[in-house]
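What follows is a single structure, written as C-alpha cells, with notes after it.
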Amino acid sequence: MRIAVLGGAGFIGSNFVRYLVSNHEDVQVLVYDKLTYAGRLENLHGLLENKRLKFIRGDICNEELLEHALREFQADAIVNFAAETHVDRSINNPAPFLQTNIYGVFTILEVSRRLDVNRLLHMSTDEVYGDLYGVEGEADEKWPLNPSSPYSASKASGDLLIKSYGRTYGLKYILARPSNNYGPYQHPEKLIPRTIIRLLHGKPATIYGDGSQVRDWLYVEDTARALYTILTRGGYQEVYNICASESATVREIVYRVVESMGRDPARDIVYVKGRPGEDRRYAMKCNKILGLGWKPLVKLGEGLAKTIEWYTRNEWWWRPLVDEVYVLSDTPWRH
Ligand code: NAD
C-alpha cells in the first residue's frame with residue numbers, strides 16, 4: 002500500500018508514520034508537510050533515511066503542488082493530519098485555522114476528486130461535538146456537531162465539506178475523531194509536555210481555571226494503531242470515534258505528572274486564568290471502532306510514565322522550542 006500522509010511531520014502524524022514504517026514492511030509512505038511551527042523534521046528522527054519514506058515540503062492549500070506530489074507518488078490512500086491545532090492560538094488569531102482547516106481541506110477534496118482517490122482518511126476531533134457538560138451520556142458518531150472555539154468550528158467545517166463530497170461526488174472518505182492525545186513528539190505548547198518541561202526547569206505547573214475540565218486521554222501509539230485499523234478495515238463514508246475510555250480532569254492529570262516527577266502538588270501547581278469559552282466536558286462512545294477489533298493497550302498511568310521518561314531523555318528535541326512558545330511563562334495564553 003502507498004500511503005500519502007499530509008501533516009506527517011506533526012505530533013500524531015509523525016507517530017503514525019513511525020508506526021507504519023516500523024510495523025508494515027509492505028507500506029510506502031509519502032510525508033507532505035508545510036513544516037509550520039508545529040511540524041519538524043526532528044519528529045521524523047531516524048526515519049528520513051528509510052527508503053520506504055519520502056518527504057516533500059508543501060502546503061495543503063497549494064493545489065498544484067499537492068496534486069503533482071500525489072500523482073507522482075501514486076497514492077492508494079491519503080491520510081490527512083495537516084491542520085492548525087492549538088485552541089489558544091485559534092482564540093488569539095483564527096485566520097490560519099480557517100485557511101488550513103477549511104480551505105486546505107477543500108483543496109485536498111478537489112485534488113482527491115480529480116485523482117479518483119481510493120481512500121481519504123481525515124483527522125477530525127472530539128471537540129467538534131462541543132461541550133457535554135451537564136448533558137447525560139456520551140457522543141456517538143451521529144451526535145450533532147456543536148463546536149465552541151474557532152479551532153473546533155474550523156474542524157467541524159472541514160468534516161461537513163468532506164461529507165458533502167461523499168454525498169455529491171461519491172468520495173471514499175473516512176473520518177476519525179480521536180480524543181486528547183499525549184505521548185512523544187507532542188509540541189511543548191500542549192498541556193502534558195508543557196507541564197513536564199516546566200517541572201524539569203524547577204517551575205510550578207500551571208492549570209487553566211480550576212482544572213475541572215474533563216477529557217479522555219489517549220496514548221498516541223494507540224491512536225496510530227487505531228488509524229491503521231480504520232484505514233484498512235473501516236467502511237467508506239463512515240465516522241469513527243477513538244478514545245481510551247480514560248476520563249480524567251486536567252487537574253487530575255497535572256497532579257499525576259507532578260507526583261510522578263517527585264514534586265509536591267500543594268506547592269508546585271499554580272492556577273491561571275482559563276480560556277474564554279472553554280468546554281468543560283468531552284465524552285465519546287467508542288463502541289464502533291472496538292467492533293473493528295482495535296482496543297487501547299496503554300493505560301493512563303503507564304502512558305504518563307512513558308511520556309515523562311521520553312521528555313526527560315529527549316531534551317535535544319524540545320530545548321529549541323522552549324522560548325519560542327513561552328513554556329516557562331506563567332501566563333500561558335495571550336502572551
Ligand atoms: P500538530 O499541530 O502537531 O501537527 C500539525 C502538522 O500539520 C504539522 O506538521 C504542520 O507542519 C502541518 N501543517 C499545518 N498546516 C499545514 C498546511 N497548510 N499544509 C501542510 N501541512 C500543514 O497536530 P496534531 O496534534 O498532530 O494533530 C493532527 C490532527 O489530529 C489534526 O487534524 C488535529 O485537529 C487532530 N486531532 C488532534 C488531537 C490531539 O490531541 N493532538 C486530538 C484529536 C484530533
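Read the sequence shown against the working numbering and you will find it ends at 336, with the numbers running on by one and no gaps. Positions of the beta carbon are idealized from the N, C-alpha and C atoms, including for glycine.
Residue pairing by DSSP puts K55 in a beta bridge opposite L31. Sixteen is the threshold: when 16 or more other Cβ atoms of the shown chains lie within 10 Å of the Cβ of G105, as they do, the residue is buried. Following the DSSP letters along the chain, one finds L201 inside the alpha helix (DSSP H) bounded by residues L192 to L201.
Taken in chain order, the complete alpha helix (DSSP H) segments of 4 residues or longer contained in the region 268-324 are 288-291, 301-314 and 316-319. Straight through space, the alpha carbons of V22 and Q29 are spaced by roughly 8 Å. Taking a 10 Å sphere around the C-beta of V80, we find 16 or more other C-beta atoms and assign the residue as buried. In the DSSP assignment, the residues bridged to V6 are V32 and V80.
In the structure shown, the three-state DSSP call for Y220 is strand. With respect to Y327, W319 sits apart: the two C-beta atoms are not nearer than 9 Å. With at least 16 other beta carbons inside 10 angstroms of its own, P194 counts as buried. Out of Y186, Y170 and V273, the CA that lies nearest to the CA of G210 is found in V273.
Of the candidates E68, T86 and F74, the residue whose Cα lies closest to the Cα of Y38 is T86.
Around the beta carbon of H202, fewer than 16 other beta carbons lie within 10 angstroms, which makes this residue exposed.
N119 has its CB no nearer than 8 Å to any heavy atom of the ligand NAD. Closest by C-alpha distance to A140, out of V240, I4, H25 and F12, is V240. With a cut-off of 8 Å, the C-beta of L7 is classified as near the ligand NAD, since at least one heavy atom of the ligand falls inside that distance. Nearest neighbour of G8 by Cα position, chosen from E64, D77, H25 and T101, turns out to be T101.
A direct Cα-to-Cα measurement between N288 and L228 gives close to 15 Å. Shortest Cα-Cα distance from I309 to any of V6, A10, L122 and Y220 involves Y220.
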